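Structure, as structure tokens:
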Amino acid sequence: MVFGGLMTLLAGIAAIANDDVFVTTRNYVYEFDITGWGWIHLIMGVVITLAGVALFQGATWARVVGVGLAGLAMLANFLWIPYAPLWAVVLIAINGFVIWALCTAPSPSER
Numbered sequence: 045m046v047f048g049g050l051m052t053l054l055a056g057i058a059a060i061a062n063d064d065v066f067v068t069t070r071n072y073v074y075e076f077d078i079t080g081w082g083w084i085h086l087i088m089g090v091v092i093t094l095a096g097v098a099l100f101q102g103a104t105w106a107r108v109v110g111v112g113l114a115g116l117a118m119l120a121n122f123l124w125i126p127y128a129p130l131w132a133v134v135l136i137a138i139n140g141f142v143i144w145a146l147c148t149a150p151s152p153s154e155r
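Using our numbering, read the sequence shown as starting at 45 and increasing by one per residue.
Structure below.
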């Protein structure tokens with residue numbers, strides 16, 4: 045989860061720092077400026093990374109929050125596909141794995 049958060053954070057930084065890194069696409073339903081998408085990814089990356097750190101520290105709430113955040117990140121990356129298709133698909137796969145891992149891992153009381 046921390047890895048997925050850091051990758052989302054890097055996508056946000058790249059989009060904010062240099063608008064020419066990603067191709068702009070017209071005629072897309074959810075058309076934002078690349079900088080706007082960068083800020084969305086940056087904020088999501090920070091929050092996901094913090095939730096991942098809380099998960100490492102054993103916070104019980106972090107599993108539920110992590111599943112929700114990974115789902116939100118999958119949605120945001122799906123909408124990001126026209127701007128960076130390969131990167132978005134890789135992040136969708138990482139977040140899918142995070143959801144699977146959080147839902148199937150035994151709780152601390154079961155170990």
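Backbone N, C-alpha and C define an ideal beta-carbon position, used for all residues, glycine too.
Values in this document were obtained by computation on a predicted structure and should not be read as measured data.
1. Assuming N139 is part of the alpha helix (DSSP H), what are its boundary residues?
2. Tell me which residue opens and which closes the alpha helix (DSSP H) that F100 is part of.
3. Identify the continuous alpha helix (DSSP H) that holds I57 and give its terminal residues.
4. Classify A117 as helix, strand or coil using the three-state DSSP reduction.
5. So, are the CB atoms of G82 and A114 less than 8 Å apart?
6. Cutting at 7 Å between CB atoms, please list the residues of its own chain near A98, excluding the five before and the five after it.
So, from the data block:
1. 129-148
2. 78-100
3. 46-61
4. helix
5. no
6. A106
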